[in-house]
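Enquirer: Numbers in this note's numbering are just positions in the sequence shown, counted from 1, shifted up by 1. We treat Cβ as the ideally placed atom computed from N, Cα and C, and that holds for glycine.
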Amino acid sequence: MMRCILRTWLSWGVVAGFGAFVAAVAFAGEPAQSPAQEGVEAAPFVDWSHVKQAHRIVEQWVAAGSVDWGQAQQQVWVSGVQGVRVTLRWLGVTLGVGDATIEPAGAGPSSRDTPLAAQPGSSGGGASGRAEGDAAALGKPVDLVQLAARAAADAIAAAGQSYLERSKGALDEQQKSPLSVPAGADGHLDLAQLGSRLLVDVQVARSFERVTVPASAGPGAIYAQFVPGFHGLRMTRLQEPGVGDTAWMWPGSALAANTQPRSQLIQLLVKLGYDVNNLREVGRGRLVSLERFEVIHVVRVAADQQPQVLVRGNRLIPLGGLDGGAVDELAGRIAAFLCKRAGGDGRMAGTYQPSSDTYDPPVAPVQDVALAVYALARRDAYWSRRGRSGADATAEAQTLRRVAMYLVSGMLDPTVPLQGDPQIAADAVTLMALVESPALLELKGERDQLASRLLSLWQEDGWFRSGAGPQARRVSRPTQSLVVAALAGLAERMRDAELARKVERSEAVLWQGVETGGLVGLVPWVAMTESHLARLGGLGAPDAQPTRSQRWDRLGALAEVLRQRQIVAAPQAGPADMVGGFDLTPQPGAAVPSADWQSARVLAFLALALRQEGLRQERDSVQWLLDCGLTARFVAQLTFDPYSCYYVRSPADVLGGVRTALWDNRVSIGPSAMSLLAITELQETLESLGNMDRLVGQAGELQHAP
Numbered sequence: 002m003m004r005c006i007l008r009t010w011l012s013w014g015v016v017a018g019f020g021a022f023v024a025a026v027a028f029a030g031e032p033a034q035s036p037a038q039e040g041v042e043a044a045p046f047v048d049w050s051h052v053k054q055a056h057r058i059v060e061q062w063v064a065a066g067s068v069d070w071g072q073a074q075q076q077v078w079v080s081g082v083q084g085v086r087v088t089l090r091w092l093g094v095t096l097g098v099g100d101a102t103i104e105p106a107g108a109g110p111s112s113r114d115t116p117l118a119a120q121p122g123s124s125g126g127g128a129s130g131r132a133e134g135d136a137a138a139l140g141k142p143v144d145l146v147q148l149a150a151r152a153a154a155d156a157i158a159a160a161g162q163s164y165l166e167r168s169k170g171a172l173d174e175q176q177k178s179p180l181s182v183p184a185g186a187d188g189h190l191d192l193a194q195l196g197s198r199l200l201v202d203v204q205v206a207r208s209f210e211r212v213t214v215p216a217s218a219g220p221g222a223i224y225a226q227f228v229p230g231f232h233g234l235r236m237t238r239l240q241e242p243g244v245g246d247t248a249w250m251w252p253g254s255a256l257a258a259n260t261q262p263r264s265q266l267i268q269l270l271v272k273l274g275y276d277v278n279n280l281r282e283v284g285r286g287r288l289v290s291l292e293r294f295e296v297i298h299v300v301r302v303a304a305d306q307q308p309q310v311l312v313r314g315n316r317l318i319p320l321g322g323l324d325g326g327a328v329d330e331l332a333g334r335i336a337a338f339l340c341k342r343a344g345g346d347g348r349m350a351g352t353y354q355p356s357s358d359t360y361d362p363p364v365a366p367v368q369d370v371a372l373a374v375y376a377l378a379r380r381d382a383y384w385s386r387r388g389r390s391g392a393d394a395t396a397e398a399q400t401l402r403r404v405a406m407y408l409v410s411g412m413l414d415p416t417v418p419l420q421g422d423p424q425i426a427a428d429a430v431t432l433m434a435l436v437e438s439p440a441l442l443e444l445k446g447e448r449d450q451l452a453s454r455l456l457s458l459w460q461e462d463g464w465f466r467s468g469a470g471p472q473a474r475r476v477s478r479p480t481q482s483l484v485v486a487a488l489a490g491l492a493e494r495m496r497d498a499e500l501a502r503k504v505e506r507s508e509a510v511l512w513q514g515v516e517t518g519g520l521v522g523l524v525p526w527v528a529m530t531e532s533h534l535a536r537l538g539g540l541g542a543p544d545a546q547p548t549r550s551q552r553w554d555r556l557g558a559l560a561e562v563l564r565q566r567q568i569v570a571a572p573q574a575g576p577a578d579m580v581g582g583f584d585l586t587p588q589p590g591a592a593v594p595s596a597d598w599q600s601a602r603v604l605a606f607l608a609l610a611l612r613q614e615g616l617r618q619e620r621d622s623v624q625w626l627l628d629c630g631l632t633a634r635f636v637a638q639l640t641f642d643p644y645s646c647y648y649v650r651s652p653a654d655v656l657g658g659v660r661t662a663l664w665d666n667r668v669s670i671g672p673s674a675m676s677l678l679a680i681t682e683l684q685e686t687l688e689s690l691g692n693m694d695r696l697v698g699q700a701g702e703l704q705h706a707p
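Dropping the structure here:
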């Protein structure tokens, strides 16, 4: 059933059809025209087919170890091109970079007065080849092959030098991949011995758009005017009209280096001779001008794969929705990632930094580990009810038990007092896992001890405190929501009326004085508690204020507010990769929306709330379900897959992990665990809804409506 209803939402695993999709949606344009047939002035606007053609030629040069300037006389005349960057990588390490950019005449002392149809060797061996000429600068046709040749020549030269420097030892610090191609007798490297093994990354810059902010805008306004990782940036020093030095930031390279938006602007300023104190001037037209540009980014991610067009460094997932098989596969990949992060002693690795191939911090904080345990426990409970078995299920259960035992052994150490919100929150989330998972039944004694530790912090006013006695500090509202949810689950499991009374009182005080908007940071835990209390029936405190009915009404209002913040279409100034995410902190006047891994929290809440009959009444359940499907699509977009690994030194450390944001490649336990929990809640909701055939029909009609 689940596979049917979601089938209309998304097919995201078919690589063969991806090029056609990108051609129709992302980089619409006509195939390359022959100058002999159409004339240079009729050159088409650059599209992905032209860049793939240039990429193929550059690969041939790299494999041969040098640019064939005779082959470079092949002409691909296009318009709308401002520059080309060629990057050469070996196992994720950048060995060489070459740029060929089109600058206005007189753009500073480093430019060269050479025609665009360059002669062999005209790149000069520098780090950046520039072509001058008013026609080219105005966006008239240019020869893409000539630009690519200039960039490739510099990249190949830089790669050879870098390779020789690195060949004295090993390619990376861990000695994983020693270099073995020897230099010649003259000390130079015949790059042809290496070239066929290098990954060729080509970015082609398209037309510029000026980036400005009002003079009265705050210092952070500039960051809402470009999409990090999607827009490249060119900054120009305003010495006098039409004259100035320029500095470029290429988006695919910024992603690979994990250069954050603020750092991008600082680096550009430094290249122009300014410092961080001038950051406020960016976009205001006084000291420097800033332009953004889109790129067509082509990479062959593996030798046995076709070159791929990447959008913000990723394969752009089509906008339909995840079918049931894709949902199951996504959950399985995230679960496998979490299991790989668990060591033999139960500890879990910390945040992986793909750009440096390091873990910082090396060990995950206890609250993130607890969340991972709960996500795996929730998944275990879901699949256990459906009779899942096999090697994957066994491996997940073994990892779950190992990490859970590591956690509880530390938590129940009598020499370690229970204090501080992070530890209290971790205890609560671990208790949820012990209540939920069949794989953890042998830890019943530890479950009861954890519950007793948490209850020792409860006071008659309903608040949990960070220590014994009424004078101890109250825990924060987020921590209170976690403790209450954990004890509510235990009360339901045990049918314990006294525990239910305490939970009801604690839940009621949590709600008091909180506006609907203030609940965003507490979801999905408040919804989880309300769900447990609803199943407890009359065991709780019927006189709690606000009443249970009032709390459901406020949760319903919150759901509607959040659904209004969902990104449901590609923005005007950015890619479609954010579709399905939630812009939880919209900025006034922002040209682009923003969504990150926190959208998984909203998905967990909406999927869980959709199972509650009181919330579904008088609401469009089908559209709500489709909204959840779009968010699952966004979670998939955040998740590392092989196409995202063009710059990653150790793909095994990232595959299946959920990134912090589409412009931030760090991979931590917390975002991945919350994403797995959210996807599991969606699976549970799909299984629990009745009359699936009717929902399938409505979903199909809605999805294909004009």
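1. According to DSSP, simplified to helix, strand and coil, what is Leu690?
2. Relative to the C-alpha of Phe635, which candidate in Gly161, Ser254, Val367 and Asn315 has its C-alpha closest?
3. Given this structure, state the Cα-to-Cα distance separating Leu273 from Leu266, to the nearest angstrom.
4. Could you please give the first and the last residue of the uninterrupted beta strand (DSSP E) stretch that includes Arg235?
5. Looking at C-alpha atoms only, which residue of Ala257, Gly253 and Val283 is the closest neighbour of Ala222?
6. Who are the near neighbours of Gly468 in its chain, counting only those whose CB is closer than 7 Å to its CB and skipping five residues on each side?
7. With a CB to CB cut of under 6 Å and the five nearest residues on each side skipped, what residues in its chain are close to Leu488?
8. By the 10 Å Cβ neighbour count, where 16 or more other Cβ atoms means buried, how is Leu442 classified, buried or exposed?
9. Contact criterion: CB-CB distance below 8 Å. Does Leu500 meet it with respect to chain C?
10. Quick one: using the 10 Å Cβ neighbour count with 16 as the cut-off for buried, is Lys445 buried or exposed?
11. Give me the residue from Trp459, Leu455, Leu435 and Leu458 with the minimum Cα distance to Arg448.
12. Using C-beta distances below 6 Å, list every residue in its chain close to Arg681, excluding the 5 sequence neighbours before and after it, in chain order.
13. Ends of the alpha helix (DSSP H) at Gly97?
14. In the DSSP assignment, what are the bridge partners of Asn315?
15. By the three-class DSSP mapping on this structure, what secondary structure does Phe227 have?
16. Once you ignore the five residues that flank Leu280 on each side, which residues in its own chain have a CB closer than 8 Å to its CB?
17. Taking the beta carbon of Ala653 as the centre, do at least 16 other beta carbons fall within 10 Å, making it buried, or is it exposed?
18. If you reduce the DSSP assignment to three classes, tell me which class Trp384 lands in.
19. Roughly how many angstroms lie between the CA atoms of Gly351 and Gln481, to the nearest whole one?
20. On the criterion of 16 or more Cβ atoms from any shown chain inside 10 Å, does Ser673 qualify as buried, or is it exposed?
21. Hey, how far is the Cα of Asp324 from the Cα of Leu611?
22. Return helix, strand or coil for Ala570, following the three-state DSSP convention.
23. Check Gly84 in the structure and name its three-state DSSP category.
24. Take Arg667 and list the residues in its own chain whose beta-carbon comes closer than 8 Å to its own, dropping the five residues that flank it on each side.
25. Would Pro576 and Arg313 qualify as a contact pair, given that the criterion is a beta-carbon distance under 8 Å?
26. Which one or two residues does DSSP pair with Met349 in a beta bridge?
27. Compare the Cα-Cα distances from Arg287 to each of Arg238, Ser80 and Glu437 and report the closest residue.
28. Using 10 angstroms around the beta-carbon of Gly161, count the other beta-carbons present and answer buried if the total reaches 16, otherwise exposed.
29. Does the beta-carbon of Val569 have 16 or more other beta-carbons within 10 angstroms, so that it is buried, or is it exposed?
Expert: Put simply:
1. coil
2. Asn315
3. 11 Å
4. His232 to Arg238
5. Val283
6. Gln420
7. Val504
8. exposed
9. In summary, chain C is missing from the structure at hand, where a single protein chain is found.
10. exposed
11. Leu435
12. The sequence given here has Thr at residue 681, not Arg. Contacts found: Arg379, Arg380 and Tyr383.
13. Note, Gly97: premise wrong, no alpha helix (DSSP H); beta strand (DSSP E) at Val94 to Glu104.
14. Val312
15. coil
16. Pro220, Arg263, Leu266, Ile267 and Leu270
17. exposed
18. helix
19. 26 Å
20. buried
21. 19 Å
22. coil
23. strand
24. Asn259, Thr352, Tyr353, Gln354, Pro355, Arg660 and Thr661
25. yes
26. Ala343
27. Arg238
28. buried
29. exposed
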